[in-house]
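Trainee: In UniProt numbering, the protein residues as written are 1 to 309.
Ideal placement from N, C-alpha and C gives every residue a C-beta, glycine not left out.
Bear in mind that the values here come from a model prediction, so they are computed numbers and not experimental data.
#1: Between which two residues does the alpha helix (DSSP H) containing residue 25 stretch?
#2: Rounded to a whole number of angstroms, what is the C-alpha to C-alpha distance between residue 153 and residue 53?
#3: Going by CA-CA distance only, name the one from 254, 144, 307 that's closest to residue 44.
#4: First and last residue of the beta strand (DSSP E) that includes residue 94?
#5: Would DSSP call residue 35 helix, strand or coil?
#6: What is the DSSP secondary structure of residue 42, reduced to helix, strand or coil?
#7: Using the Cβ count rule (16 or more neighbours within 10 Å means buried), how would you classify residue 248?
#8: Less than 8 Å between the CB atoms is what I'm expecting for residue 312 and residue 160, so what's the real figure, rounded?
#9: Do residue 285 and residue 243 have their C-beta atoms closer together than 7 Å?
#10: Are residue 49 and residue 101 closer than 7 Å when you measure CB to CB?
#11: Can you tell me which of 42, 274, 291 puts its alpha carbon nearest to the alpha carbon of residue 162?
#12: Please list the terminal residues of the continuous beta strand (DSSP E) segment that includes residue 175.
#13: Apply the 10 Å Cβ neighbour rule to residue 246 and answer buried if 16 or more other Cβ atoms are within range, or exposed otherwise.
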């Protein structure tokens, strides 16, 4: 996409666009007012699961408990260990399951589905534990999540673009509702593409003309499937846009503070984000995580078409 727009790769300090790792705070101050970098200072508030959960909790404290309803109930360990134990005690008879994640993990590494957080988690664990969404919306019996691509060009004022196209990543084993009995089958419960592509049942889409083949679809193909099966995809999309905006509003103040302290111009920074969103059986979207450096690698014609758009 950059080559198509006329950019040429260069070395040294005379550049228009820096695309790479997040800069250190002092490095932001060295930018010329006309230079751009593809990260905002403090975007780790979104990228780490614990930081994001804290930001959303703070947003609810300020604007009310119903102001942000897109994040499953979440506990940061070890700080919230007693609250987690109390939650389990209250809900254990209902069969509530929990999902355990390292705060900065990726690719499904370290993720576990647990039934009793008081005995199945180490007392010293540093982790994020959330209510498991045990009634997901399914397509052909498979659980899935959506990668929503979002570009933020400014935080003051907040300027956000949500791409109409994205990816849908499917599990590679049929979902069964009794998570307590099936929780060890990661291909049934975890939608991570890096995990499921290694399953022998994984079907790769190599068709250049179809986006609804195999275990990775386009977002447009999912919306077409929903329309064909009588679901209101426009209502779902409006809710996803609301989820994106409120998530960014939750970190707007601290990122703006970092901008004022470390960056010469409010126009020096922009960021491509990957919002991972899941739908429950009632078609309500839930925020799973935000990727501050979403992969742009392509391994299929559909991948390349969407990521180069």
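Mentor: Looking at the atomic coordinates:
#1: Note, residue 25: alpha helix (DSSP H), 25-28.
#2: Our two residues, residue 153 and residue 53, have alpha carbons roughly 23 Å apart in a direct line.
#3: Of the listed residues, the one whose Cα sits closest to residue 44 is 254.
#4: Annotation for residue 94: no beta strand (DSSP E) segment contains it, and DSSP assigns it neither H nor E.
#5: It is coil, neither helix nor strand.
#6: Three-state result, residue 42: coil.
#7: So residue 248 ends up on the buried side.
#8: Here the chain comprises residues numbered 1 to 309, so residue 312 is not present and cannot be evaluated.
#9: For residue 285 and residue 243, yes; Cβs fall inside 7 Å.
#10: Yes, they are a contact pair.
#11: Of the candidates 42, 274, 291, the one whose C-alpha sits nearest the C-alpha of residue 162 is 274.
#12: Premise fails: residue 175 is in no beta strand (DSSP E) and is neither H nor E.
#13: Note on residue 246: 16 or more other CB atoms within 10 angstroms of its CB, so buried under the neighbour-count rule.
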